[in-house]
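Structure first, commentary second.
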């Protein structure tokens with residue numbers, strides 16, 4: 044097996060027409076399952092006039108309603124806490140993951156059953172194997188191991204594939220760097236920001252990472268993994284090849300899908316080579332049917348034959364190119380300006396505010412909230428401290444700096460407010476900057 | 044299955060003579076495997092005149108040489124980094140765990156293969172199921188998820204058993220407490236000290252833990268889980284039943300064994316009901332043969348029939364009763380005074396020192412090192428800071444306070460030095476104090 048370039052040669056090199064026939068068959072099963080098990084899905088399908096037996100080609104996909112993150116959150120309001128789109132009793136779930144929501148303090152809540160969990164590990168194996176990871180590798184996972192999905196799937200895939208898998212949970216950066224070197228790790232998984240942070244720490248410790256045994260970096264959680272200049276910097280500092288992965292809590296990180304690319308305005312498919320919004324239908328979900336889910340990520344799909352690897356699957360050239368909405372990714376965490384605003388607005392003492400993103404020490408993305416508090420009697424210190432805590436709690440413990448600024452410092456808006464200022468340095472060209480998430 | 048009180052009714056209620064026949068058969072296989080795959084074991088067995096075909100009854104166990112933690116560490120010196128007792132090429136390992144060693148900065152290094160890993164999860168399932176944990180339970184794991192073995196086995200068992208398993212990796216205490224309550228956790232795993240810490244945090248947050256959905260606590264890593272008064276306090280604060288587990292990194296936490304109880308001086312078996320040292324032979328190790336491994340833990344074995352649960356397996360009445368050696372357990376981490384001394388002695392500026400264990404805020408065990416530095420020109424601040432870091436690095440990041448004290452404050456010794464002072468409060472009676480680890 045070690046000699047094949049593919050994890051699953053049959054599926055990875057299947058003729059396009061067979062791939063499509065398989066997709067149609069799986070789509071039909073998915074619609075039938077959702078229709079019979081989830082009343083909320085059944086109503087949507089009925090309203091759209093879709094039944095499973097009508098699914099005869101991939102074109103029929105277009106008739107299925109598109110689902111958004113707001114739909115998911117609305118479902119949680121209607122059927123708390125896990126929402127309207129759950130096909131199996133909660134008792135059958137073995138994992139739970141959350142990510143910051145779009146509207147305020149409520150997170151997006153996702154349950155996974157045994158099937159999801161096995162599927163996620165299997166899907167990561169496709170990716171790891173294709174990137175050259177083999178059973179002899181020593182894989183260090185720089186990740187916090189909580190209910191944030193992060194690299195959980197990769198962790199299980201590492202074990203499944205037979206790598207010596209080193210979980211770097213509760214460890215300080217210097218301990219992680221030392222363990223990577225001491226254990227002769229050959230593959231390291233982290234966010235791009237953290238890869239740069241570890242490189243900085245290694246220099247401080249007098250460790251030559253570029254001369255270490257690390258050969259591959261698996262990046263995720265931030266746009267930087269697909270920004271060529273940042274990727275180049277990371278690769279140079281580590282003396283290793285970097286690969287990016289695109290995941291979403293709702294999808295269980297990377298999974299096998301039908302991948303559509305739609306014009307975000309008209310919802311019509313765009314041609315190969317054109318930029319559009321990634322919309323996914325997953326066949327690996329055993330708990331929550333995911334059909335035509337809007338990712339809000341911008342991608343450019345090209346045919347598999349544009350790569351010489353022999354796989355027949357389509358590719359996203361350049362990875363994730365940007366966002367349709369105003370969501371920002373800060374050190375792996377989703378930040379929606381409107382969710383931040385909802386939390387800030389719970390403090391009536393705060394008159395005006397600004398969300399400020401910047402790059403510290405030339406490499407670390409930070410987020411701070413600048414606030415004006417006109418009432419001189421107000422306990423400004425207490426308010427900013429509480430707000431910091433509330434924002435962190437709603438964003439997987441992401442560190443927000445909340446700073447009081449002088450009255451009248453922040454701009455005021457009459458109509459469309461623009462309270463987010465993104466001063467982050469994107470290492471690279473102006474063209475890459477436009478693609479910044 | 045949910046209705047049986049046993050995870051594996053066949054094994055748990057097997058007649059004693061069948062248990063023993065099975066043990067003999069497995070022991071014979073183990074000796075044969077160790078003999079054929081590990082030259083270091085083969086030599087020991089040859090020197091003792093033991094061959095697999097001679098193993099005909101459990102009495103033959105006595106002829107196999109006893110192995111100590113020092114043997115393990117010596118093996119690592121002779122065949123770095125994983126030692127002389129490895130039966131399978133490193134490339135086949137999928138996990139690595141370390142724990143603080145007995146002599147200095149070098150940890151005990153343990154590799155696990157796929158077989159070990161599956162076995163560990165299966166063994167934890169026996170324990171969890173017997174304690175009443177069922178697939179409908181929501182299990183929160185308050186644990187750091189690094190290469191410290193801790194609750195890794197429990198985590199996998201939770202998934203295997205079908206519990207909704209919530210990993211509490213990189214989270215602050217208040218976030219953990221909130222998630223336990225928000226998610227309706229029914230089972231919580233932590234060290235005893237941390238269970239008390241979470242209870243304290245819950246009070247500060249105005250959360251009534253005793254009124255929460257938590258029904259069971261799985262404790263590990265500290266003696267307190269088997270000290271009746273501490274256990275009682277934890278149970279009261281959580282309004283939940285607490286169960287203790289005895290694990291060791293070398294054994295992969297809880298596993299199925301032949302369990303011997305020996306007089307630590309004569310190495311002869313003691314009778315049921317008498318205190319002695321726990322010595323284990325494991326049948327679940329797929330990487331490192333563990334035969335007659337000295338745990339240095341003191342236990343009292345009683346026959347299975349002394350409990351009405353129906354299991355035929357012997358029991359350790361009162362759990363772990365104390366230690367044969369001077370090892371201390373501080374917040375789940377093993378601390379050997381001689382290992383601390385070896386690290387302190389690398390700083391020749393330090394003239395005398397003392398290891399001081401105490402209880403902070405009436406409930407949190409702390410360790411500090413008091414040092415005298417006679418040379419007034421020495422950079423005392425730098426030395427104490429470096430020493431703190433070195434001690435933490437050698438002890439899974441355990442926090443050591445290093446404090447300079449006035450010259451002549453610490454006692455001096457002519458012959459047997461006693462540089463460890465244990466002022467920890469043991470909640471309970473004087474009798475329990477004697478059993479303190």
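Chains as they are written, first to last, in this note's numbering: chain A, 44 to 480; chain B, 44 to 480.
The beta-carbon is built from N, C-alpha and C at its ideal position, and this holds for glycine as well.
Here the structure is a predicted model, which means the values were calculated and not measured.
Problem set entry | Short-range partners of chain A found in the segment 207–221 of chain B, where Cβ spacing is below 8 angstroms | 207, 208, 209, 210, 211, 212, 213, 214, 215, 218 and 221
Exercise. Roughly how far, in whole angstroms, is the beta-carbon of residue 260(B) from the beta-carbon of residue 277(B), given that I think they are within contact range, below 8 angstroms?
Worked result: 6 angstroms
Exercise. With a cut-off of 8 angstroms, do at least 3 Cβ pairs link the segment 122–130 of chain A to the segment 95–108 of chain A?
Worked result: no
For this session: Establish whether the CB of residue 436(A) and some CB of chain D are separated by less than 8 angstroms.
Result: Within the model displayed, chain D is absent; protein chains A and B are what it includes.
Exercise. Contact check, residue 416(B) vs residue 384(B) under 8 angstroms by CB: the rounded distance?
Worked result: Going by Cβ atoms, the distance from residue 416(B) to residue 384(B) rounds to 16 angstroms, so no, they are not a contact pair.
Problem set entry | Distance, residue 244(A) Cα to residue 479(B) Cα | Note on residue 479(B): pLDDT 38, under 50, position unreliable in the model; no value is reported.
For this session: Quick one: give me the first and last residue of the beta strand (DSSP E) that residue 344(A) is part of.
Result: 336–345
For this session: Would you mind working out which of 423(A), 437(A) and 435(A) sits nearest residue 447(A), comparing C-alpha positions?
Result: 423(A)
For this session: Confirm, please, whether the CB-CB distance from residue 155(A) to residue 138(A) is below 8 angstroms.
Result: yes
Exercise. Could you give the distance in angstroms between the alpha-carbon of residue 471(B) and the alpha-carbon of residue 357(B)?
Worked result: For residue 471(B), the predicted model reports a pLDDT of 40, less than 50, meaning its position is unreliable; a value from the coordinates is still stated below. For residue 471(B) and residue 357(B), the distance between alpha carbons rounds to 27 angstroms.
For this session: Rounded to whole angstroms, what's the CA-CA distance from residue 477(A) to residue 465(A)? Just pull it up for me.
Result: Confidence at residue 477(A) is low in this model, with a pLDDT of 32, below 50, so the placement of that residue should be treated as unreliable; the coordinate-derived value is given next. Answer to the nearest angstrom: the Cα atoms are 12 angstroms apart.
Exercise. Nearest chain A C-beta to residue 139(B) closer than 8 angstroms, yes or no?
Worked result: yes
Exercise. How big is the Cα-Cα spacing for residue 62(A) and residue 68(A)?
Worked result: 10 angstroms
Exercise. Any idea if residue 55(A) is buried or exposed, counting beta-carbon neighbours within 10 angstroms, 16 or more meaning buried?
Worked result: buried
Problem set entry | Pair within 8 angstroms by beta-carbon distance, residue 96(A) and residue 85(A) | no
Exercise. So does the segment 232–249 of chain B actually touch the segment 403–410 of chain B, counting three or more Cβ pairs closer than 8 angstroms?
Worked result: yes
For this session: Ignore the nearest five residues each way along the sequence and tell me which others in residue 367(A)'s own chain have a CB closer than 7 angstroms to its CB.
Result: 307, 320, 339 and 341
Problem set entry | Option nearest residue 142(B) by Cα separation, candidates 46(B), 292(B), 195(B) and 232(B) | 292(B)
For this session: Determine the DSSP secondary structure at residue 470(B), reduced to helix, strand or coil.
Result: Model confidence at residue 470(B) stands at a pLDDT of 48, short of 50, so the residue's coordinates are unreliable and nothing is read from them.
For this session: Assign residue 476(A) to one of three DSSP states: helix, strand, or coil.
Result: Bear in mind that the predicted position of residue 476(A) carries a pLDDT of just 36, short of 50, making it unreliable; the figure below should be weighed with that in mind. Helix, per DSSP.
Exercise. Quick one: is residue 52(B) buried, meaning 16 or more other Cβ sit within 10 Å of its Cβ, or exposed?
Worked result: exposed
Exercise. Which residue's Cα is closest to the Cα of residue 303(A): 267(A), 249(A), 449(A) and 359(A)?
Worked result: 359(A)
Exercise. Should residue 89(B) be flagged as near chain A, meaning a C-beta pair shorter than 8 angstroms?
Worked result: no
For this session: Could you pull out every unbroken beta strand (DSSP E) segment of at least 3 residues lying fully inside the segment 84–143 of chain B, listed in chain order?
Result: 138–142
For this session: For the segment 182–196 of chain A and the segment 206–218 of chain B, state whether three or more C-beta atom pairs, one from each stretch, are separated by less than 8 angstroms.
Result: yes
Exercise. Quick one: what does DSSP say residue 287(A) is sitting in, helix, strand or coil?
Worked result: strand
Problem set entry | Residues that residue 72(B) bridges to, as DSSP identifies them | Bridge partners of residue 72(B): none, in fact.
Exercise. CA-CA distance, residue 71(A) and residue 299(A)?
Worked result: 16 angstroms
Problem set entry | Status (buried if at least 16 other CB within 10 Å, exposed otherwise) for residue 349(B) | exposed
For this session: Drop a sphere of 10 angstroms on the beta-carbon of residue 362(B), count the other beta-carbons inside from all chains shown, and report buried for 16 or more, exposed for fewer.
Result: buried
Problem set entry | alpha helix (DSSP H) segment containing residue 387(B), residue limits | 380–387
Exercise. Does any CB atom of chain B fall closer than 8 angstroms to the CB of residue 190(A)?
Worked result: yes
Exercise. Between which two residues does the beta strand (DSSP E) harbouring residue 319(B) extend?
Worked result: 318–325
Exercise. Per DSSP, what kind of secondary structure is residue 148(B) in: helix, strand or coil?
Worked result: coil
Exercise. Assuming residue 116(B) and residue 144(B) make a contact with CB atoms under 8 angstroms, what is their CB distance in whole Å?
Worked result: 6 angstroms
For this session: Could you tell me which of 256(B), 281(B) and 288(B) sits nearest to residue 266(B), measuring between CA atoms?
Result: 288(B)
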